[in-house]
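Numbering (my numbering), first residue to last: 17 to 483. As structure tokens, the structure follows; a few thoughts come after it.
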């Protein structure tokens, strides 16, 4: 279809922006847009959801409902801007395939679901061939003011920015979710250790978390941990956490994060262990067999000064959290370099400070670190975080040793400490691994006293030869 307007010129008629997919998140996004004065075109595969939104919230702003995709597209001002809020995978592909033939050059499609970034890169390339904008900066120039206007704000700064082309935004969202996995696992491990060590009730441990939320650990997740631990089940009168099945579910973004890290050669051990811990929790049959074979008793030793023990766990939690975030930002840097996205890590810390699950005071420290050194070798080398790990090191080791001796699994604590020790160790046993690889597969090795690659003739002549 031909347009008689210049690039970027907006049709004065029609809705400002469209939302297709009106489940919980899509519904709330549409309402947010309307409350901020935008005319919002609505569409859902099941028209009942569209009608329900208008019936329940039609007084919040201007909604333009449509029951067909064709009418939905026609109801939008040009250049059109459409937000897709449907289930990741085939459902997203189906919606985009249905919309694309109805769009013009310069129209914008924005997928706000939890898509895998590789799918987004593929879709972006396909959209470009049709002249539709899927992620370039010029699309953000059109939509940025709308998105920033509805975003959460911290210190007057909107928690919204341009991340990068094609799959950059979904990659960063994926890593955010991976860090979220680690954060929640570390919190759960801290709770487990405190409850066993202190012999405390969930509500009493919740009180400890409530106190922690007043300091460096101030965050949304710590806040709601106190809330969940303090909640009593209405049906039984028991602590809520004691009546919930201990099998944590996941929607896939944690696995994607770990898989991407493996592909990019970036160690994210804390995030990986958090993801595997969820997986282990769901293997009910294996857990039952292990309990039958080995028993389920733990042997928590005396903790001595309880206040000192609580402080040790707090410091261990903070240090492990630092490692998880550092690993996440390492992965963002690796992805940015691999795909040429030019992601600003400090900006990512800024937009995560409000409106997202891992929002925390801690993120200000990360932003300051990147302001000081935009391309650090690691966040752990920043003076603030170096100090935090040094201050927490003894506590960290005591908590890990106590948990291991007691038989309490704390894989994210353990892995985070091992990562820290691996980074700071002058020589690692990887030298032996290289020798083994050369012995069984002639994979060669490098020497500390000479350049080049070498191979030893292990079966006979033991001398070394340049490869």
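Yeah, the Cβ is synthetic: ideal placement off N, Cα and C, and Gly gets one too.
- Taking C-beta atoms under 8 Å as the contact rule, residue 244 and residue 256 qualify, at a distance of about 7 Å.
- When the Cα atoms are used, residue 427 and residue 373 turn out to be separated by approximately 22 Å.
- Here the alpha carbons of residue 167 and residue 157 stand approximately 16 Å from one another.
- Taking the CA atoms as reference points, residue 223 sits about 22 Å from residue 429.
- Taking 4 residues as the minimum length, the alpha helix (DSSP H) runs contained wholly in the stretch 29 to 86 are 40 to 51 and 63 to 73, in order along the chain.
- Counting other Cβ atoms within 10 Å of its Cβ, residue 273 reaches 16 or more and is therefore classed as buried.
- Taking C-beta separations shorter than 6 Å and ignoring five residues to either side along the sequence, the partners of residue 92 in its chain run 30, 31, 34 and 57, following chain order.
- The residues 365, 368 and 369, in chain order, have a CB closer than 6 Å to that of residue 379 in the same chain once the five nearest residues on each side in sequence are set aside.
- In this chain, residue 135 is not harboured by any beta strand (DSSP E); it is covered by the alpha helix (DSSP H) spanning 133 to 144.
- The C-beta of residue 347 has 16 or more other C-beta atoms within 10 Å across all chains shown, which makes the residue buried.
- If you check the CB distance, residue 424 and residue 314 come in under 7 Å.
- By the Cβ-count criterion, residue 352 is buried, with 16 or more other Cβ atoms from all chains shown falling within 10 Å of its own Cβ.
- The shortest CA-to-CA distance from residue 467 to any of 454, 455, 482 and 473 is the one to 482.
- An exposed status is given to residue 403, since fewer than 16 other beta-carbon atoms sit within 10 Å of its beta-carbon.
- For the pair residue 410 and residue 209, the CB atoms are not nearer than the 7 Å cut-off.
- For residue 190, no pairing in a beta bridge is given by DSSP.
- In the three-state scheme derived from DSSP, where H, G and I count as helix and E and B as strand, residue 299 is classed as coil.
- In the DSSP assignment, residue 434 falls within the unbroken alpha helix (DSSP H) covering 427 to 440.
- Under the DSSP definition of a beta bridge, residue 174 partners with 169.
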